[in-house]
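In this note's numbering, the protein residues as written are 103 to 566. Every residue, glycine too, gets a C-beta built ideally from N, C-alpha and C.
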C-alpha cells in the first residue's frame, strides 16, 4: 500500500539514530578481525565501530547540531523542524565515547601509526640519514604501502585499471625521456590554497610563524644547500615552497622541487616549455603549477598501465580516528592533555613539534598559547585534519559539516602562471577557475526529481 512506500521525510536526528542503531546491530554479529587474504577489506568490528563513530561525529557537527541559522524555517507539514534548532553537547559526548571505543579496538587488534621501515632505495641511500627525507617517506608511504598497520579499512576494488585511470595516471607526472607516457597524464593539480595550508617546518601555519616570510611568500629566492633534500640547490623557487613541513614535500611537487617517482629522483622543471611544464599543443599539464605526489606510489611508472604499484584506497585510517577523537573531545570539554596526545600522534609522524611545543614557542608562534583555548584549538584541529587527510576525500564534507563553505568555496582556485617561461613571470599568482557557493542550498544535495515524483510526501532540500 501507498502508506508503506510513501513515507514522510524523517528528521535529521531520526536518520542518525537509525544509522547508529543499524551499525550497533551489525557489530554484534561481525568478527573481531578479518583474517586471510581472500577476505581482507571486509567489514569487521573495528571498521564498523569506526563508521559508527564517524556518523556520530557528523551528527554532532554544526551543520546538523543546532542549525537554526540555515534551517530555522525548514519544517514538515506539521511544523516540525527537520534540523534540530538547539546545540546539544551530549552529541559530542557520544562521539567521544564511540571514537574512543573504535580507537581502543583498533589498537588492540594491532593497528598503529605507519613508519617506513624498508631499506632506502639506491637513489636515496645517501640521503636517508637525514630526518627530513625519512619524514617524507613516512607520510607518503602511509597511503601507498598496501594494507599497512595504519589502514583500518581499504577499498581494494579499484586496484585494477580503475586506480590507473582514476587516481595514479591523472596524478602522475610524465617522463619526457621515456618512449611512452601513455599512463601518466599530470592532470590532478593541487590548488595554491592547499599549498598554503601545510605548516612550516616549525609546525605552525605560514601566517602564524614569525620566522616565515608570509608577506613575501610569492617572491622567488635561491635554494640553500640545507634545502637540497626537497628542492634543487642553487636554483630559484618561490619562498612559499621552502622551509615547510615534510608532508608538504611528500604530497606536492613544485617548480625546482624534487619528486621521488618512476623509481628515481626527479628534479622538477615546471615552467612553460620545460620538461615538466606546459608544452604547446597539449592539454596534459598541471594548471596550478603543483603536482600531486601523495596518491602516486613512489615506484609507479607511467610509460604503460601495468607499471603502477596499486594500493587499497584508504577508507578509514587510524590517523583519522585520532583526528576525530581530538575534535570531539575538544568540542565536548575543551583543551586537555588527552586532546593534545591524539594530535601529537599525527604530528610526531609528520616530523613537526608537538602542539604544546609549537604554540608555546615565543620565537615562532604569533598567537602564543593558541592551543589553550577551545576556539584556538578548534582551528588547529581543523587545519591538522585538512593537511593529514588532504586529497583523500574528506575536505569536501568537512567544510560543510563545519559550516565554513562560504569561507573556503567562494574564492577562485589559484595557481602559478604556468604559461610563463621566465622565473619573474611564472611566480605570479593567477586565477585558474571561479567558484560560487549558494547558501543554504549548496550545503545539501537535492533529492532527485524521480524520488519526489515517486513519493510526494518527501520535501525537497532548501533552495532546490
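Cβ-Cβ distance between residue i and residue j below 9 angstroms
{"i": "residue 442", "j": "residue 457", "result": "yes"}
{"i": "residue 424", "j": "residue 347", "result": "no"}
{"i": "residue 482", "j": "residue 472", "result": "yes"}
{"i": "residue 629", "j": "residue 465", "result": "Because the chain in this structure spans residues 103 to 566, residue 629 falls outside the shown range and cannot be described."}
{"i": "residue 171", "j": "residue 517", "result": "no"}
{"i": "residue 373", "j": "residue 429", "result": "no"}
{"i": "residue 200", "j": "residue 420", "result": "no"}
{"i": "residue 196", "j": "residue 169", "result": "no"}
{"i": "residue 537", "j": "residue 166", "result": "no"}
{"i": "residue 241", "j": "residue 352", "result": "yes"}
{"i": "residue 515", "j": "residue 541", "result": "no"}
{"i": "residue 235", "j": "residue 331", "result": "yes"}
{"i": "residue 468", "j": "residue 311", "result": "yes"}
{"i": "residue 295", "j": "residue 513", "result": "yes"}
{"i": "residue 251", "j": "residue 212", "result": "yes"}
Exposure of residue i, with buried meaning 16 or more beta-carbon neighbours within 10 Å
{"i": "residue 568", "result": "Here the chain covers residues 103 to 566 and nothing more, so residue 568 does not appear."}
{"i": "residue 414", "result": "buried"}
{"i": "residue 524", "result": "exposed"}
{"i": "residue 439", "result": "exposed"}
{"i": "residue 498", "result": "exposed"}
{"i": "residue 309", "result": "exposed"}
{"i": "residue 120", "result": "exposed"}
{"i": "residue 182", "result": "exposed"}
{"i": "residue 233", "result": "exposed"}
{"i": "residue 404", "result": "buried"}
{"i": "residue 151", "result": "buried"}
{"i": "residue 349", "result": "buried"}
{"i": "residue 558", "result": "exposed"}
{"i": "residue 327", "result": "exposed"}
{"i": "residue 533", "result": "exposed"}
{"i": "residue 118", "result": "buried"}
{"i": "residue 191", "result": "exposed"}
{"i": "residue 133", "result": "exposed"}
{"i": "residue 551", "result": "exposed"}
Close-in-space but distant-in-sequence residues of the same chain around residue i (CB under 6 angstroms, 5 per side omitted)
{"i": "residue 393", "result": "275, 355"}
{"i": "residue 359", "result": "333, 370"}
{"i": "residue 436", "result": "476"}
{"i": "residue 546", "result": "563"}
{"i": "residue 263", "result": "Only weak support exists for where residue 263 lies, its pLDDT of 49 falling under 50; the coordinates are left without a value."}
{"i": "residue 108", "result": "557, 559"}
Top-ranked residue by Cα proximity to residue i, from the options
{"i": "residue 302", "options": "452, 245, 127, 241", "result": "452"}
{"i": "residue 364", "options": "277, 433, 324", "result": "277"}
{"i": "residue 448", "options": "185, 465, 397, 422", "result": "422"}
{"i": "residue 215", "options": "467, 231, 490, 501", "result": "490"}
{"i": "residue 163", "options": "509, 233, 431", "result": "431"}
{"i": "residue 548", "options": "536, 562, 539, 538", "result": "562"}
{"i": "residue 396", "options": "509, 132, 244, 531", "result": "244"}
{"i": "residue 379", "options": "224, 203, 521, 177", "result": "521"}
{"i": "residue 148", "options": "161, 140, 130, 139", "result": "130"}
{"i": "residue 225", "options": "174, 385, 366, 468", "result": "366"}
{"i": "residue 410", "options": "268, 161, 218", "result": "268"}
{"i": "residue 239", "options": "254, 124, 222", "result": "222"}
{"i": "residue 160", "options": "304, 194, 381, 218", "result": "194"}
{"i": "residue 386", "options": "287, 455, 416", "result": "287"}
Own chain residues within Cβ distance below 7 angstroms of residue i, not counting five before or after
{"i": "residue 122", "result": "154, 157, 158"}
{"i": "residue 341", "result": "315, 318, 319, 321, 323"}
{"i": "residue 142", "result": "136, 249"}
{"i": "residue 486", "result": "425, 445, 448"}
{"i": "residue 297", "result": "342, 354, 392"}
{"i": "residue 398", "result": "270, 273, 274, 363"}
Residue i (DSSP reduced to helix, strand or coil)
{"i": "residue 311", "result": "strand"}
{"i": "residue 236", "result": "helix"}
{"i": "residue 262", "result": "Residue placement at residue 262 is flagged as unreliable, the pLDDT there being 48, under the threshold of 50; the coordinate-derived value follows with that caveat. Looking at residue 262 - three-state DSSP - the assignment turns out to be coil, as it is neither helix nor strand."}
{"i": "residue 573", "result": "The chain is shown only over 103 to 566; residue 573 falls outside these bounds and no answer can be derived."}
{"i": "residue 300", "result": "coil"}
{"i": "residue 171", "result": "helix"}
{"i": "residue 219", "result": "coil"}
{"i": "residue 401", "result": "coil"}
{"i": "residue 533", "result": "strand"}
{"i": "residue 461", "result": "helix"}
{"i": "residue 194", "result": "helix"}
{"i": "residue 432", "result": "helix"}
{"i": "residue 356", "result": "strand"}
{"i": "residue 338", "result": "strand"}
{"i": "residue 183", "result": "strand"}
Cutoff 8 angstroms; reference residue i; Cβ partners in own chain excluding five residues on either side
{"i": "residue 544", "result": "507, 511, 565"}
{"i": "residue 329", "result": "335, 344, 345"}
{"i": "residue 325", "result": "333, 334, 335, 336, 337, 338, 339, 344, 358"}
Cβ of residue i within 9 angstroms of any chain B Cβ
{"i": "residue 440", "result": "The chain inventory of the structure shown lacks chain B, comprising one protein chain alone."}
Any non-hydrogen atom of the ligand PLP closer than 8 angstroms to residue i Cβ
{"i": "residue 246", "result": "This structure lacks the ligand PLP; in fact it carries no ligand of any kind."}
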